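K.L.:
Would you mind keeping the following structure in view while I ask a few things?
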Amino acid sequence: MEDEVIWTKLPITFLIEMSVQKGYLFMSEHIHKEPQLVCYLCHLCESPLSDDEKKDMRDGKGYFKKKELLKCLISKGETACKEFLEKFKCYQNLYSQFCNAVQSVTNADGIQQDVFLTHDKLPRFGAVLLEEMEPTLVADILYCHAVLSFDEHDEINEMPYRREKAMKLFTKIRQQPDKISVFCHALEQSKCNKAVEYIRNSTSNGPLHSPAISAVKCVRFNFRKNLEYFHKVCERKKKLVDYLEINRFKVTRTGELVPKESYLIKTALRNGKPWCDCILECIKQTDYVFLKELVGRLEKRRKYGREQVGLQFDVKMMKEMKDFLLDELEPAPISHVLLEEEAFSVDDHDEVENTEGRPMRKKKAEALCGILLRDGSELTMESFLYAVRKNQYKIIMNEIGRRQSGEQPITQQRPKIQAASGLEVVLSIPVQVVGDVEGLQQTINQLKIDPDFQAEVAMASHMTVRSVSLGSVVLRLIALTDDACKMLFDENGKKMKTLIETFLRFSNIKEDMIIGNIKVTVSVPEEETGNKLPTDDEIKIRGNWNLLVEELEPSTMAKKLFEKHVFNDDDTQKISSMKTRKEKVETLLSLLLSKQREVENAFDAFIRSLDELGKGDIAVKIKPSEKMHQEAEKVRLGLLSKFAEAVDEIESSHMEETFELCGIDKHSVNFISSESGKSRKDRALQFLTYVLLNDAYVLGIEKVLNDRGLTWLLEYPKDRNFADQLTGDKHKRTPGEVLYQCEYEVERKEMRSELKFL
């Protein structure tokens, strides 16, 4: 009799399978409390549990398996659902809770709730909803409320990208104005707290900023900030495109899946206030602190004006310094500031950005200088100086100051190249110096900072010069590729001869100063740091951090990692306690990295979870390749074949982006800063030799160069067989171990030196 009383709690106006659908989330969370009921569900679905799955069920896990079984049950129709509910009634306590859950869903469907969002305002809040929503959980709730059909729910679950799922839900709600209250309920139930709070607190037409500040001026004056913001996290750019299109602003495609951030911002500047308002509103909804920073910068400029540079610069000096400027200028950041300061029009900026040809950096620098020289006004030249100072190009400012005062240039000091796991080659050349010993010493010292010498050595030997000293001349080199040492001793000493001749030519040491045999020692550097480097797994996670932050639904992933025994209850509670989705994901990833040292195969469990959640393409990006070293070696060989061109092309932004990809704090690598006073060439050289010693960093720079249209720097010479260059995996060697020693005798024949192997 009591069974019948409980059964009547079910809403009789709905089909039986609809009741199961309404209780879908409740059963996903609680049905494991009755193991026999789970077994019966498996029987109906013809899907028996494995022993591991049974254990997971007993432990309160198996959440995703339960969802799979329930969807299977619903797909079988009314008869199977009724049979299951008849069995369910045997477990009175749990069944009573189920009936209450179904009734709660029914009540929510029929009663107008505390609706904080109206259908007409939905597009306006699109940015914050796309940023914060966990669409899988929202879709589950909407499915319970029959806003989504069985097939629509499956379609969303099968989508690989979070943003794609969120856009599908967004479109679905826009098509059903009467379901906006259920959507609000789903947002609250899924703890989309930041979005709900933002929408509740937002006034209907509140101003973005002070009426005295125009949206166009704000977007333009903060051009670099906006570029960095949308470039640093590609998904922000995708959200901006979505938000523009949601608000009926058509974004013309440029042949790329997502247009470049500079194209989007300059399109907004060309189209004026409506577009710029839309950009600022998108930022406001997703990062209000950043919007306040943008407005604050502009208000500060309006109040205090532009700081003075303190140097004079005109057309005459620019023409005199043209060769120096073409060697040192990094055109993009300079043209960005000139656009902000309204010294460049949007078309001028386009001319620099779109200039093509090789060498690319120098061609763009020529375009920039050409525009400045055509204008030639005092205000424009002052803006150029301001741009140079703003980008902290100390070497250019010093050169301008030196020319004005008549001072001599200061010789730069180049720090030692850090040795990683590359082999060290020491060439000892006994010389007897006659004449100007001090002058020769200065020349030798200069070799340490001579990018042309370094580049020529790298191309000839695949090695970098670590140090040079005079006495008996000692030239220390670090091998950049696996085959560098082998290549150096091949061809009966021809490569060695080329290397030594290059050194003699740059050092001004005459052949007759050599008084004995040249001794060559190959060893492993004492300061090898390979064991202290982050793991490939960690580098891959940090290198794809922004992608993971955008794509992961933290509640779902946390459950997966809990089921795989990577996370415990405290971990999942810590994640759920965070306010925003981004904070939850970052907490999850930080916990995962810490678990690497505590839980065996934690990273593998993460990869499997990505695959199981339909994010296999992300798993492929995150998982280190088994041939990672061979892939990096191919990049090295291609880059070294064009090393001089690479040194000429590399800019500060390439360096910073590479280190960011690899999870390296750029402030910990002091040689990349333009503020250091080093020349661009010297910084580029140090950067390349630093990067080439680590496989993960090499693959990082490969991505940066590809993204910046510099793929040609990576192309391997067509006349060489790459397969012949590979020596297989890297072998760990003992620091300080001497691997090989030999001597070369210098034979003089008809005033021409020859090397003879002893």
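Heads up, the sequence shown is in full-length UniProt numbering, so the first residue is 1 and it goes up one at a time.
The C-beta atom is built at its ideal place from N, Cα and C for all residues, glycine as well.
Just so it is clear, the structure is predicted and the values come from calculations on it, not from any experiment.
1) Once the 5 residues before and after Lys-322 are set aside, which same chain residues still bring their CB inside 8 angstroms of it?
2) Thinking His-32 and Met-57 are a contact (beta carbons under 8 angstroms), I'd like their distance in whole angstroms, please.
3) I need the boundaries of the beta strand (DSSP E) containing Ser-469, first residue and last residue.
4) Taking a contact to mean a Cβ-Cβ separation below 8 angstroms, would you say Asp-580 touches Glu-132 in this structure?
5) So, do the stretch 335-344 and the stretch 283-303 have three or more beta carbon pairs nearer to each other than 8 angstroms?
6) Let me know if Cys-90 comes out buried or exposed under the rule of 16 or more other beta-carbons within 10 Å of its beta-carbon.
7) Can you give the beta carbon distance from Val-105 to Cys-144, rounded, assuming they're within the 8 angstroms contact cut?
8) Alpha carbons only, please: which of Asn-517, Tyr-198, Ala-455, Glu-399 is nearest the one belonging to Pro-430?
9) Taking buried to mean at least 16 other C-beta atoms within 10 Å of its own C-beta, is His-43 buried or exposed?
10) Would the beta-carbon of Glu-134 fall within 8 angstroms of that of Glu-550?
11) Kindly indicate which three-state DSSP category Val-520 falls into: helix, strand or coil?
12) Does the stretch 628-644 come close enough to the stretch 688-703 that 3 or more CB-CB pairs lie under 8 angstroms?
13) When you compare the stretch 180-195 with the stretch 152-161, are there three or more beta-carbon pairs, one atom per stretch, that lie closer than 8 angstroms?
14) Taking the C-alpha atoms as reference points, what is the distance between residue 763 and Ser-577?
15) According to DSSP, simplified to helix, strand and coil, what is Leu-613?
16) With a 10 Å radius around its C-beta and 16 neighbouring C-beta atoms as the bar for buried, classify Ile-417 as buried or exposed.
17) Hey, would you say Ser-383 sits closer than 8 angstroms to Glu-320, going by beta carbons?
18) What are the boundary residues of the alpha helix (DSSP H) that Ser-576 is part of?
19) For Val-566, which residues in the same chain have their Cβ closer than 6 angstroms to its Cβ, ignoring the five residues on either side in sequence?
20) In angstroms, rounded to a whole number, what distance separates the CA positions of Met-18 and Leu-73?
21) For the alpha helix (DSSP H) containing Tyr-716, list its first residue and its last residue.
22) Distance check for Leu-705 and Thr-711, CA to CA, integer angstroms please.
23) Starting from Val-295, trace the alpha helix (DSSP H) in both directions and tell me its first and last residue.
24) Which two residues bound the contiguous alpha helix (DSSP H) that contains Thr-443?
25) Please tell me whether Val-346 and Arg-224 are closer than 8 angstroms, where the distance is taken between their beta carbons.
26) Mind the definition here: the stretch 215-233 touches the stretch 289-300 only if three or more C-beta pairs lie below 8 angstroms; say whether that holds.
27) State the beta-bridge partners of Leu-427 as determined by DSSP.
28) Give the single residue among Val-698, Lys-364, Asp-140, Lys-300 whose Cα lies nearest to the Cα of Asp-348.
29) CA-CA distance, Asn-531 and Ser-202?
30) Are there 16 or more other CB atoms within 10 angstroms of the CB of Glu-563, so buried, or fewer, so exposed?
31) Do the stretch 61-68 and the stretch 115-129 make contact, defined as three or more Cβ pairs closer than 8 angstroms?
32) What are the start and end residues of the alpha helix (DSSP H) that includes Pro-554?
33) Out of curiosity, what's the CA-to-CA distance linking Glu-261 and Ile-279?
34) Please classify Asp-571: is it buried, with 16 or more other beta-carbons within 10 angstroms of its beta-carbon, or exposed?
35) Considering Pro-333, what are the terminal residues of the alpha helix (DSSP H) in which it resides?
P.N.:
Judging by the given coordinates:
1) Position 322 of the sequence shown, counting from 1, holds the residue named residue 322. Only Cys-369 meet the Cβ criterion.
2) The residue given as residue 32 occupies position 32 in the sequence shown. The residue given as residue 57 occupies position 57 in the sequence shown. With 8 angstroms as the limit, His-32 and Met-57 qualify as a contact, their Cβ atoms being about 5 angstroms apart.
3) Along the sequence shown, read from residue 1 onward, the residue named residue 469 stands at position 469. Its beta strand (DSSP E) spans residues 463-469.
4) Locating residue 580 in the sequence shown gives position 580, where the first residue counts as 1. Locating residue 132 in the sequence shown gives position 132, where the first residue counts as 1. The question names Asp, but residue 580 in the sequence shown is Thr. Yes.
5) no
6) Looking up residue 90 in the sequence shown gives position 90. By the 10 Å Cβ count, Cys-90 comes out exposed.
7) Along the sequence shown, one-based indexing puts residue 105 at 105. Along the sequence shown, one-based indexing puts residue 144 at 144. Contact flag correct, Cβ pair sits at about 5 angstroms.
8) As a position in the sequence shown, residue 430 is number 430, starting the count at 1. Comparing Cα-Cα distances from Pro-430 to each of Asn-517, Tyr-198, Ala-455, Glu-399, the minimum goes to Asn-517.
9) Position 43 of the sequence shown, counted from the start, is the residue given in the question as residue 43. Flag for His-43 reads exposed.
10) Taking the first residue of the sequence shown as 1, we reach residue 134 at position 134. Taking the first residue of the sequence shown as 1, we reach residue 550 at position 550. The answer is no: Cβ separation not under 8 angstroms.
11) Mapped onto the sequence shown, residue 520 falls at position 520. DSSP places Val-520 in strand when its eight states are reduced to three.
12) yes
13) no
14) Because the chain spans 1 through 758 in this model, residue 763 falls outside it and cannot be assessed.
15) As a working note, residue 613 is residue 613 in the sequence shown. If DSSP states are grouped into helix, strand and coil, Leu-613 belongs with coil.
16) Against the sequence shown, residue 417 aligns to sequence position 417. At Ile-417, the pLDDT of 36 sits below 50, so the modelled position is not reliable; the number obtained from the coordinates is stated separately. Answer is buried; the Cβ neighbour count reaches 16.
17) Translated into positions along the sequence shown, residue 383 becomes position 383. Translated into positions along the sequence shown, residue 320 becomes position 320. No, they are not a contact pair.
18) Taking the sequence shown and counting its residues from 1, the one referred to as residue 576 is at position 576. Run containing Ser-576: 569-576, per the alpha helix (DSSP H) assignment.
19) By 1-based counting over the sequence shown, the position of residue 566 is 566. Same-chain partners within the cutoff: Lys-595, Val-599, Ala-602, Ala-605.
20) The count along the sequence shown starts at 1 and reaches residue 18 at position 18. The count along the sequence shown starts at 1 and reaches residue 73 at position 73. So the alpha carbons of these two residues sit roughly 11 angstroms apart.
21) Taking the first residue of the sequence shown as position 1, residue 716 is located at position 716. Unbroken run through Tyr-716: none, as it is neither H nor E.
22) Taking the first residue of the sequence shown as 1, we reach residue 711 at position 711. Taking the first residue of the sequence shown as 1, we reach residue 705 at position 705. Whole-angstrom Cα-Cα distance: 6 angstroms.
23) Reading the sequence shown from its first residue, position 295 is the one you call residue 295. Here the alpha helix (DSSP H) through Val-295 covers 288-304.
24) By one-based count along the sequence shown, residue 443 stands at place 443. Looking at the DSSP string, the run of the alpha helix (DSSP H) that includes Thr-443 is 437-447.
25) Indexing the sequence shown from 1 puts residue 346 at position 346. Indexing the sequence shown from 1 puts residue 224 at position 224. No.
26) yes
27) The residue you call residue 427 lines up with position 427 of the sequence shown. Leu-475, Val-520, per the DSSP bridge assignment.
28) Along the sequence shown, read from residue 1 onward, the residue named residue 348 stands at position 348. The candidate whose alpha carbon is nearest that of Asp-348 is Lys-364.
29) Along the sequence shown, read from residue 1 onward, the residue named residue 531 stands at position 531. Along the sequence shown, read from residue 1 onward, the residue named residue 202 stands at position 202. In this predicted model, Asn-531 has a pLDDT of only 41, less than 50, meaning its place in the structure is not dependable; the value taken from the coordinates is given anyway. Distance between the alpha carbons of Asn-531 and Ser-202: 52 angstroms.
30) In the sequence shown, residue 563 corresponds to position 563, counting from 1. Glu-563 should be labelled buried.
31) no
32) By one-based count along the sequence shown, residue 554 stands at place 554. Run containing Pro-554: 554-563, per the alpha helix (DSSP H) assignment.
33) Numbered from 1 along the sequence shown, position 261 holds the residue referred to as residue 261. Numbered from 1 along the sequence shown, position 279 holds the residue referred to as residue 279. Each residue's Cα considered, the two are about 11 angstroms apart.
34) Locating residue 571 in the sequence shown gives position 571, where the first residue counts as 1. Buried, because 16 or more other Cβ atoms sit within 10 Å of the Cβ of Asp-571.
35) Translated into the one-based positions of the sequence shown, residue 333 becomes position 333. Segment 331-340, the alpha helix (DSSP H) holding Pro-333.
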